[in-house]
Each structure stands twice: as C-alpha cells, then as structure tokens.
C-alpha cells in the first residue's frame, strides 16, 4: 500500500483517472512513507521477549520454524481432553463411535493430542469406500463438546488434532 501511495505522489496522474493535485501528492507521499515504515517495523521489530509474554495456548499456533520462549514460572495447568466419541467412516455407513476406544486411549488426559488415523487398526466395514474421521471431546469438567473432522483421508499419516489449550 505504501508503494502505491508513493507512485501516486511521484506520477501524479495514472491513466488520466487519478489527478491528486499538489496537496494530494504531498499527502500520498507522507502516507506512503508512513506505511512503508510501519511495514518494516512489523517485519523486523519482533523480539524473543515478545514471545515470552504470549500465553502458552497461543504458542501452540506459532509455526514450527519459529522459536518461542516460555519462562518456567509461566506453568499453566493442563486442561485434560475427555474423548466423547471417535468415528471412522461415518460417510460410508460405519457405526458412530467405532473408533472411540482407540481415540480415548491416545488422547484422554492430554492437553492436546495428534491422533494418527491408521486404517489397519480401525474397524473397516466398507473397504472400497474413502472414509472420513470425526472426533468429539470435552475439556476438563466443562460441558461444551468440541469436534474436529477430516473429510477425506489419504490413508497415509493422516492426523487429527484435539486440543484443550486456549
């Protein structure tokens, strides 16, 4: 955006449609320079200290190649996952809850969990049908039921993330 405003300031007229005038050119130049400075500050102004101030539930959303620092004193109690149901292949008429035991074994009690969907260990009533996977869970003693689903599975290392963080 800053470059666009600077172009208006320098060129003055773009295809005869924009005629900013003298004050418009000065304003566009100032606004363009301010936007570029703001962009540079946002790009290069990050510091490790800013990550130490983030709540732990937000740190999980930071990309893997980003370094995040959390002080040891910021220990937050883990809110455990309580699996309500796990269903593999509901779109292929499989019975609801057919993967609840496997999902609960992997994820119950965790703050967050990546469940790897392994077709070899799950009930498969329709081998030729491309299946989905759906999970429902509660966080701690809460009443809210959360859900997540994968609509089309590749059959290789498909993962579904359950989380009570944040």
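Numbering (the numbering used here), first residue to last: 1107 to 1272. Glycine residues also receive a C-beta, built at the ideal position from the N, C-alpha and C atoms. Bear in mind the structure is a predicted one, so any value in this text is a computation, not a measurement.
### Message
Within a Cβ cutoff of 6 Å, which residues of the same chain sit near residue 1197, ignoring the five residues on either side of it in sequence?
### Response
Contacts found: 1238.
### Task
Assign residue 1228 to one of three DSSP states: helix, strand, or coil.
coil
### Message
Please report the distance separating the alpha-carbon of residue 1203 from that of residue 1212.
### Response
15 Å
### Whole alpha helix (DSSP H) elements within the region 1205-1262, 4-residue minimum
1206-1213
### Message
Using only CA atoms, which one of 1269, 1195, 1250 and 1234 lies nearest to residue 1214?
### Response
Selected option, being the one with the closest Cα: 1269.
#### Entry: Span of the beta strand (DSSP E), counted from its first residue to its last, around residue 1192
1187-1194
### Task
Using beta-carbon positions only, say whether residue 1185 and residue 1219 come within less than 9 Å of one another.
no
### Query
In this structure, what does DSSP give as the bridge partners for residue 1266?
1221
#### Entry: Contact set for residue 1195: own chain, Cβ-Cβ below 6 Å, skip 5 residues either direction
1237
### Cα-Cα separation, residue 1208 to residue 1200
16 Å
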